[in-house]
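Asker:
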Amino acid sequence: MFFFVLFLIGLVIPLLFIKVKSRWGSWIPSIILLLAAILIYGKAEFFPGEGMAELGERLYFMIVGMAAIGSILGSVIIHFLRNK
């Protein structure tokens with residue numbers, strides 16, 4: 367349920383940028399969230415914390431990653447709505 371809510375939040379974020387005239391306007395939140403997820407994963411993989419800190423880093427990755435997936439899907443929806 368928690369990750370579904372994060373997915374929906376990620377899905378709504380690009381819709382806030384639907385009025386931007388730039389072709390890349392709706393993709394900017396997706397790119398930022400994707401880069402943040404990659405950076406968090408890299409930090410968790412190559413510089414792991416101890417004990418519960420490592421678990422927390424993995425959880426942060428899952429949270430940002432789920433929002434990134436929703437944001438990418440929202441950007442794809444906006445892309446198809448504009449090209450219709």
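In this note's numbering, the protein residues as written are 367 to 450. Ideal placement from N, C-alpha and C gives every residue a C-beta, glycine not left out.
1) Helix, strand or coil, according to DSSP, for G376 in the structure here?
2) Taking only the alpha-carbon atoms, compute the straight-line gap between I397 and R389 and give it to the nearest angstrom.
3) Is the beta carbon of A402 less than 9 Å from the beta carbon of E423?
4) What is the C-beta distance between L381 and A434, in whole angstroms, given that I count them as a contact (C-beta under 8 Å)?
5) On the CB-based measure, 16 or more other CB atoms within 10 Å of its CB, does I384 come out buried or exposed?
6) Going along the chain, which residues of its own chain have a beta-carbon closer than 6 Å to the beta-carbon of I438, five neighbours each way excluded?
Answerer: On the basis of the coordinates in this document:
1) Locating residue 376 in the sequence shown gives position 10, counting from the first residue. In the three-state reduction of the DSSP assignment, G376 falls in the helix class.
2) Looking up residue 397 in the sequence shown gives position 31. Looking up residue 389 in the sequence shown gives position 23. Spanning the two alpha carbons is a distance of roughly 14 Å.
3) Position 36 of the sequence shown, counted from the first residue, corresponds to residue 402. Position 57 of the sequence shown, counted from the first residue, corresponds to residue 423. No.
4) Reading the sequence shown from its first residue, position 15 is the one you call residue 381. Reading the sequence shown from its first residue, position 68 is the one you call residue 434. Between A434 and L381 the Cβ distance is about 15 Å, and since that is not below 8 Å, they are no contact.
5) Working through the sequence shown from its first residue, we reach residue 384 at position 18. Residue environment analysis places I384 among the exposed positions, since fewer than 16 neighbouring C-beta atoms fall within 10 angstroms of its C-beta.
6) The count along the sequence shown starts at 1 and reaches residue 438 at position 72. Closer than 6 Å at the Cβ level, and outside the excluded window around I438, lie S396.
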